[in-house]
Amino acid sequence: MASNTTQIQMNSLNITTVSQQVSPNRRQNSSVNLDRRNTSIPDRIEPTVLMLKETPLDVINSPIAAIVLCLFTCIATISGVIIVCLTATKSQATPCGLNFSPTSINPVEYKYGPRSIAVADLNNDTWLDLVTANSNVNNIAIYYGNQNGTFIKQNEYSTGANSIPYMVAIGDLNNDHQLDIVVTNIGTNNIRIFLGSENGSFINYKDISTDSSRPIFINLVDFNNDTLLDMIIINYGMNSISIFYSSGNGTFLNPLIYSTGYDSSSSSLITGDFNNDHYLDIAITNYGTNNIQILFGNHNRNLNNELIISTGINSHPSSITVGYFNKDPFLDMAITNYGTKTISVFINNGNGNFPNQTIYPIDSTSPYSIDVGDFNQDNHIDLSFISIGGSNTGLLLGYGDGSFSSARMNSTGSLSSVSFAVCDFNKDNRLDMIVVNNDTGSIDILIGYFEGYSDPLMYTTGSSPRSIVVGDFNNDGILDLVAANHFGNTISILVGYANGSFAKEKVYPSGNHSWSMASGDFNNDNQLDIVLVCYANNDVNIYLGYGNGSFAHRIEFSTGSFRDFVAVGDFNNDKQLDIVVAYSISNNMSVLFGYGNGSFTNQTTYETGYQPYAIVVGDFNNDMNFDMAIANYGDNTISVILGYGNGSFTNQTTYLTGSKPYCLAMGDFNNDSQLDIVVGSYYSFNVGVYVGYGNGSFTQQMTFSAGNSPTSLAIADVNNDTRQDIIIASINLASVLVLCGDGTGSFPNNMLFNTGAPAYSAAVGDFNNDARVDIVAGNNDSNTVSIILQFNRGALDYEISYASGGGSSLRSFAITNLNNDTHSDIIVANYGTDDIGILFGYGNGTFMQQIMFDMGSKSRPSSISMNDFNGDTYIDIAVANYGTQNLGVLLGNGNSSFTIQTNYLDNMIFNPIAIVSGNFNDDNRSEVVVAYDRSDNVDIFISYNTGSFINRQTFPTGSVPFAIVAADFNNDHQLDIVTANSNDNSVSILLGYGNGSFTSQVTYATGPNPYSVAVGDFNNDTYLDIVVGNGGTNTVSVRLGYGNGSFTDQITYLTGPYPYSIGVGDFNNDRRLDLVVVNADNSSVSVLVGYGNGSFANEIRYSTGYEPRSIAVGDFNNDDRLDIVVSNLNDNTVSVLLGYGNGEEIANAISSPALGGSDLYNDADLERELDELANLDLAEEMTNIGPFPEVPTTNKTKGKIDPIRQLEDPTF
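Under the UniProt record's numbering, the residue at position 544 of the sequence shown is numbered 544, and the numbers go up by one with no gaps.
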């Protein structure tokens, strides 16, 4: 039998982890990380490749067709404008014309279109780096990894004009011992190889043509065992795969092409030796024909003996991974079935056949890409996957027998995750995950973490259990417990069950004040026995075990009085267990040598320090003989006594401790294979660690806080990071404290776990046989033991998001001059990447690169307001964080910097959706007003000179106030509030008293679903008026103010579908206020020119990006004309429309496209093919992420659609 590394051929750089995925019509990548079965994770985890899914031809344009279309559009537009100008009826009050031009580039590039990701150490710093293929901007981006598991984007390399890079992989293709980057380009039908250099750059490249094939998938592997990496690609539309054999210097032979069958639409492939003949085979997922195709390799580099395995009707397998799921030497397979929302597992029967399919339903979402790894560190392979739907990541835990648990789902907030990689990014010996999201354009990092312990299960014992011993006393392979009951004068036997629970105690009498126990086989019958010392008796008690969980009556051996601790070991190398006892009164210890029949010699006494309380036994000088360490409570020392192996010992060597050393344990804390010692000092509230040199001597102690007075210590790798930790019990705490070791002898972090009652003693063991360390605590006051079982679920925590472009999931923005340079700046809330971005303007319509401010994990910033919150005359920024339900504040210095970033008000009951600020109490500082999702009030937060907010005051409004504005409606020089109440079709007016309080609301009716409100003097009477956007009737309502806080009846004006936001400004320079309205369901804005008497002209529409949401106005290019900026939710862009203000023609304003963007759907043949492949019904409505209401999508096409197009636009 060949080794695993022979069966699964890797490249010459030991690239051990390559994961796979393509879309339901194209998928992913190749060789599998078989080493993830192991608990040890290598320092250098080699390239992991994943890819995104998308129909290649969906993103391909014909240049000639584009030119013809452009010329035709220009001619038609000019003709239309001339006809309108010559024939249109002129109004009596004709305003100046409105013209807007698009900016040349987007100030924030939100839509890079990341399509694939690969992972490797590209700069040889031992930290993993990332490479993404960005299809919208035709490049690859490299993110270099840091020591803390974060990444910094540093380099981008072009993949060629109109190349549309689709998948990326990493390997040494020219044998120069430098990693290279390989990209498949479906726009230009080639493979581009970026050659790595010693300085870490990838400037040089070479292109390899794939002729008429659009390569949607690539696998790098030494397929013919010549130590050179070859390339295997899937040819979209050709129903075939191609193998490019390497020539050795980065060049490749002409490809060998193999058919995958008519209409197969292959989506991914992987290599492995499935029939154990020592030649690599290829397994292919055929999305179109619902099967797995295996092509078997042979000695002459050809593929033959095809095997077809059905995955079920309409299953549409989209990705594949392999591993040893049942720990036999045969490779098994796992498949994501996109069509049936299931995962299939095929167990290999040993000859390359897979007779049975086990199906695991996912139900709520469509699994899209899959990989393997041991996420819960139980030495069994688990399955991880990403999906299309609300819960976009999932995990199936393996049991080691070929079966798996039900899927445990998680969400990062994306609805369309298209690529992921699995590696240990932060070197904590736990697998992490990185996910690329198509809808938000973000890259999410999920960190594997220790999930902790369940709540304690408590079992009755005798009175005051002071000592606990763990062992299998009935030989059933399950751990049992023995507790020494100090005041009960008994011991309790609790037999364990396989699920981690325990039977009712069996009680055996003991001497007075049971104190310390140990276990071992004292009579050589292969059954565990127990030794007990009682504090007030002059003897040692031996309980000989029968092997069925019961014990013989105790046998007593006379010793001295006031015995405090007992331990066992073979001190004279006669293969019989001996006993050592510490005596606190007589300041010595006694050794009782065993005869091997359950009896012992008379004691031999050795001197210790003053009042010895605890003993540990181990080989401290590596001479194969047992030594001892003793904690001397009375003189604050530990004694180390080395054994000669003949029953005699050296004189003690002492080391200083803290005050009153009470308990001892030992372990290897710095991974040098030498025993170290830890002592708990009762009155110092700490533990001291003594690192061993391996010769019987130790360093002086390093101390770590124990939280309280330690009474018991245990050693184990609690958090599964391969480093030993210290478990501390304290009689004063109803919990155990775990000090987490870092493998250097230090313990920088700690965790506290509830025991339900004050715990005097602690021990560890795997009580439910899940390969996890569980903890048992003896509860001194409650006469119980607590069992706390470790979770075994492979937890992943959403840590941070990176934007592939300049931002992700824009939710809100604002405009102001932040740095006093007279130029308008833009502040954006990036909901998808949990940060605020600031773009400082140059004054010519362009902006500096976005500066990011992190608002915290899962904060989901959704609304912004600017003002001076700390009274220093500089503009600050307040942010409503929808996800963490708090308020973020960035305090400005007036010089483009923000020095303080703080989150306040973590006790918000509801999710904040809108925020506005103003000085409501005349204290020269701005207060903040917050409206909430699913709430019927607003809160006023009073500010202090520090820029902090407390003293919340709540004022009722209408139902679900969705938008809020502060202004002076009654001309008393005090700020008032108006809210748009989306759920009861009204606005609420709250008049301010100037002291931070307000009158009760007065409500006015609006149209259905008012989602926005704005104010201005629309009739030039010096009184503020109100305009509301009514999402339910596609109108805006205008109410004119009387100047006393009351308003006229509303007048409505038509807008585009679903008016969502409103801006106010004089766009035609006639000194009359106009309106601009965002039409969320029409990808446009409507401009309503004001006549200056409170009425408005009919709307004029201008195109924006897809599903615009927020709007702001300002003069971005210093031409004294107002411009418009719009955020577009579903294509992650910002449209900047520059105003002409020349009073002449009306030109069509266009949203700035993403760099490299193009028409995604031009190929009619592809459209027909995808329609045949598509198998998903479009939902009746789209539900928006975050605090926005559902937008009806009745104008969208229903019926069967292509799942790949749905990836590009989840609402398609």
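We put the CB at the ideal spot given by N, CA and C, even for glycine.
Starting from the Cα of residue i, find the closest Cα among the options and give me that residue.
| i | options | result |
| --- | --- | --- |
| serine 266 | Tyr399, Leu1088, Ile232 and Gly250 | Ile232 |
| phenylalanine 685 | Tyr842, Gly658 and Thr336 | Gly658 |
| isoleucine 1051 | Tyr1023, Gly1007, Pro1059 and Asp1066 | Gly1007 |
| asparagine 319 | Ser1084, Thr342 and Asn326 | The identity of residue 319 in the sequence shown is serine, whereas the question assumes asparagine. The shortest C-alpha separation from serine 319 is found at Thr342. |
| asparagine 136 | Tyr655, Ser163, Gly609 and Ile815 | Ser163 |
| proline 861 | Met848, Asn349 and Ala878 | Ala878 |
| phenylalanine 1116 | Phe898, Ser1135, Gln790 and Tyr449 | Ser1135 |
| tyrosine 236 | Leu220, Asn224, Ser268 and Tyr205 | Ser268 |
| asparagine 911 | Phe898, Asn893, Thr884 and Val929 | Thr884 |
| tyrosine 258 | Thr784, Ala283, His299 and Ser384 | Ala283 |
| glycine 1043 | Asn1020, Thr1033 and Gly1065 | Asn1020 |
| threonine 340 | Phe354, Tyr546, Ile579 and Thr365 | Thr365 |
| phenylalanine 869 | Gln850, Ile826, Thr784 and Gly918 | Gly918 |
| alanine 706 | Val678, Phe404, Phe557 and Ser897 | Val678 |
| leucine 128 | Ile191, His973 and Ala421 | Ala421 |
| isoleucine 851 | Val1064, Ile838, Tyr245 and Thr711 | Ile838 |
| glycine 160 | Asp172, Ile140 and Phe698 | Ile140 |
| methionine 666 | Thr650, Gly643, Val691 and Ser648 | Val691 |
| valine 718 | Ile913, Asp378, Thr954 and Ile977 | Asp378 |
| aspartate 721 | Ile216, Asn376 and Asn475 | Asn376 |
| leucine 396 | Ser344, Thr440, Leu494 and Lys427 | Ser344 |
| isoleucine 216 | Cys534, Ile191, Gly149 and Phe202 | Ile191 |
Are residue i and residue j closer than 8 Å when you measure CB to CB?
| i | j | result |
| --- | --- | --- |
| asparagine 819 | asparagine 867 | no |
| valine 640 | glycine 696 | yes |
| serine 285 | isoleucine 362 | The displayed chain sequence assigns threonine, not serine, to residue 285. In this structure, isoleucine 362 does not lie closer than 8 Å to threonine 285 by Cβ. |
| isoleucine 381 | serine 369 | no |
| leucine 577 | valine 616 | no |
| glycine 958 | threonine 999 | no |
| aspartate 635 | tyrosine 610 | yes |
| residue 1219 | valine 435 | Here the chain comprises residues numbered 1 to 1212, so residue 1219 is not present and cannot be evaluated. |
| alanine 777 | threonine 755 | yes |
| glutamate 1099 | threonine 1055 | yes |
| proline 612 | aspartate 564 | yes |
| phenylalanine 747 | leucine 739 | yes |
| aspartate 835 | phenylalanine 853 | yes |
| leucine 1040 | glycine 1090 | no |
| asparagine 189 | serine 158 | no |
| leucine 122 | glycine 248 | no |
| valine 183 | alanine 120 | no |
Kindly give me the distance between the Cβ atoms of residue i and residue j, rounded to whole angstroms, as I take these residues to be in contact under 8 Å.
| i | j | result |
| --- | --- | --- |
| tyrosine 1011 | alanine 963 | 6 Å |
| serine 116 | tyrosine 166 | 7 Å |
| valine 965 | asparagine 981 | That belief does not hold up - the Cβ atoms of valine 965 and asparagine 981 are roughly 13 Å apart, past 8 Å. |
| methionine 589 | isoleucine 630 | 6 Å |
Just list the residues that DSSP pairs residue i with in beta bridges.
| i | result |
| --- | --- |
| glycine 609 | DSSP lists no partner for glycine 609. |
| methionine 238 | Beta-bridge pairing links methionine 238 to no other residue. |
| glutamate 927 | Gly918 |
| methionine 666 | Ile677 |
| isoleucine 243 | Ile232 and Leu256 |
| threonine 881 | Before going on, a small fix: residue 881 reads as asparagine here, not threonine. In DSSP, asparagine 881 forms a bridge with Pro861 and Asn886. |
| valine 1036 | Gly1029 and Tyr1053 |
| threonine 654 | Ser639 |
| glycine 1092 | Answer is none; glycine 1092 lacks a bridge partner. |
At least three beta-carbon pairs within less than 8 Å, the segment 272 to 280 to the segment 251 to 262: Taking a cut-off of 8 Å for Cβ pairs, the segment 272 to 280 and the segment 251 to 262 do not touch, as fewer than three such pairs fall below it.
Three or more beta-carbon pairs under 8 Å between the segment 345 to 363 and the segment 410 to 428, yes or no? No contact exists between the segment 345 to 363 and the segment 410 to 428.
With a cut-off of 8 Å, do at least 3 Cβ pairs link the segment 295 to 304 to the segment 324 to 339? Between the segment 295 to 304 and the segment 324 to 339 there are fewer than three C-beta pairs closer than 8 Å, too few to call the two in contact.
Evaluate contact between the segment 443 to 463 and the segment 517 to 526, counting only Cβ atoms and requiring at least three cross-stretch pairs below 8 Å. The segment 443 to 463 is not in contact with the segment 517 to 526.
Give a yes or no on contact between the segment 572 to 586 and the segment 498 to 505, applying the rule of three or more CB pairs nearer than 8 Å. The segment 572 to 586, when compared against the segment 498 to 505, does not touch it at the 8 Å Cβ threshold.
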